[in-house]
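K.L.:
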Amino acid sequence: MHQENRLPRNAKDGLLFGTIISTLTVIFMTSLNIILSFGEFNGEVALTILKALPIIWVIVMIIEPTIFGRIAEALVKKFTKPTDSFNSKILFRILFTVLGMSAAMTLIGDIIGNGFRMEIFSNWLTNWPRNFAIVLIAESLVIQPIARFAMVKLHESQDGKAQAEAVVSTK
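Going from the sequence shown to this note's numbering is simple: count from 1 and add 536.
1. Just the C-alpha distance for LEU791 and SER676, rounded to the nearest angstrom, thanks.
2. DSSP on PHE668, reduced to helix/strand/coil?
3. Skipping 5 residues on each side, what residues in its chain have a beta carbon closer than 8 Å to that of VAL581?
4. Give the list of continuous alpha helix (DSSP H) stretches no shorter than 4 residues that lie fully inside the region 594-640.
5. Indicate whether MET687 and LEU551 have their beta-carbon atoms separated by less than 8 Å.
6. In three-state DSSP terms, what is ASP646?
7. Measure the CB-CB distance between MET565 and ASN667 and report whether it falls below 8 Å.
8. Roughly how many angstroms separate the alpha carbons of GLU655 and ALA640, rounded to a whole number?
9. Quick one, are the C-beta atoms of ILE563 and ILE682 less than 8 Å apart?
10. Checking 8 Å against the spacing of the C-beta atoms, do LEU631 and LEU672 come in under that value?
11. Using the Cβ count rule (16 or more neighbours within 10 Å means buried), how would you classify GLU576?
12. With the cut-off set at 8 Å, would you say GLU600 and SER558 are in Cβ contact?
13. Please classify SER705 as buried or exposed, where buried requires at least 16 other C-beta atoms within 10 Å of its C-beta.
14. So, helix, strand or coil for MET654, using DSSP?
15. Determine the closest residue to VAL678 out of ALA547, THR561, ASN650, PHE553, with distance taken between C-alpha atoms.
16. Go ahead and pull the three-state DSSP assignment for ASN518.
17. Output the distance between the C-alpha atoms of PRO618 and VAL594, rounded to the nearest integer angstrom.
18. Just to confirm my understanding: we take GLN680, look at its own chain, exclude 5 residues before and 5 after, and list those with CB closer than 8 Å. What are they?
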């Protein structure tokens, strides 16, 4: 049976894969949204970004696998067939995950940055479409390919070690 090298093979690989994607996305989107909110980049903005990153990262690492990742997987199964290509399944997974995560994180990010106030929902309606489009492009063209490349390299290393051990054990 063919084993896909671009995706995690086990829970440990899955944690690494998810951590790479989440970390890159959080760094990119948190930085972008804070810079856009301030309207410039300076030392104060950089400090604000550094303070926000761990909070946002923890939230993402909790809600992606427990809520939006599961929903995305279910939707991928509903909208694809087993015979569909790897790329079509990955693109659907990215679309569904980004749809949910961008909606939630636009709201959560505004609450963290500005507190809970009356303008939160009008801000969400303004900011979410932009965030969705940006993160969909970033995930599809940069972030996910980096994570899949890391999986390929990890699996090549693991497979090489397993082959070397098999050769040693047969001698």
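By construction, the Cβ of each residue, glycine as well, lies at the ideal position given by its N, Cα and C atoms. Computed from a prediction, not measured in an experiment: that's the story for all the values here.
P.N.:
If we stick to the structure as given:
1. For the chain, the structure presents residues 537 to 707; residue 791 sits outside this window and is missing.
2. Residue numbering aside, residue 668 sits at position 132 when the sequence shown is read from its first letter. In this structure, PHE668 counts as helix in the three-state DSSP scheme.
3. For the purposes of this step, residue 581 is identified with residue 45 of the sequence shown, where counting begins at 1. Closer than 8 Å at Cβ, skipping near neighbours: ILE570, ILE571, PHE574.
4. Complete alpha helix (DSSP H) runs here, min 4: 605-615.
5. By 1-based counting over the sequence shown, the position of residue 687 is 151. By 1-based counting over the sequence shown, the position of residue 551 is 15. With contacts defined as CB atoms closer than 8 Å, MET687 and LEU551 fail to qualify as a contacting pair.
6. Counted from its first residue, the sequence shown places residue 646 at position 110. Secondary structure of ASP646 (DSSP, three-state): helix.
7. As a first step, residue 565 is located in the sequence shown; it is residue number 29 there, counting from the start. As a first step, residue 667 is located in the sequence shown; it is residue number 131 there, counting from the start. The answer is yes: Cβ separation under 8 Å.
8. Taking the first residue of the sequence shown as position 1, residue 655 is located at position 119. Taking the first residue of the sequence shown as position 1, residue 640 is located at position 104. Rounded to the nearest angstrom, the two C-alpha atoms are 16 Å apart.
9. For the purposes of this step, residue 563 is taken as residue 27 along the sequence shown, with counting starting at 1. For the purposes of this step, residue 682 is taken as residue 146 along the sequence shown, with counting starting at 1. Taking C-beta atoms as the reference points, ILE563 and ILE682 fail to come closer than 8 Å.
10. Numbered from its first residue, the sequence shown carries residue 631 at position 95. Numbered from its first residue, the sequence shown carries residue 672 at position 136. For the pair LEU631 and LEU672, the CB atoms are nearer than the 8 Å cut-off.
11. On the sequence shown, residue 576 is found 40 positions in, with the first residue counted as 1. Exposed: under 16 other Cβ atoms inside 10 Å.
12. As a first step, residue 600 is located in the sequence shown; it is residue number 64 there, counting from the start. As a first step, residue 558 is located in the sequence shown; it is residue number 22 there, counting from the start. Against a cut-off of 8 Å, the Cβ pair of SER558 and GLU600 comes out as a contact.
13. Along the sequence shown, read from residue 1 onward, the residue named residue 705 stands at position 169. With fewer than 16 other Cβ atoms within 10 Å, it is exposed.
14. By 1-based counting over the sequence shown, the position of residue 654 is 118. In the three-state scheme derived from DSSP, where H, G and I count as helix and E and B as strand, MET654 is classed as coil.
15. Within the sequence shown, numbered from 1, the residue matching residue 678 stands at position 142. Nearest in C-alpha terms to VAL678, of all of ALA547, THR561, ASN650, PHE553, is THR561.
16. This structure cannot speak to residue 518, because the chain is shown only from 537 to 707.
17. Mapped onto the sequence shown, residue 618 falls at position 82. Mapped onto the sequence shown, residue 594 falls at position 58. For PRO618 and VAL594, the distance between alpha carbons rounds to 33 Å.
18. Residue mapping note: residue 680 aligns to position 144 of the sequence shown, counting from 1. Only ILE557, ILE626, ILE630 meet the Cβ criterion.
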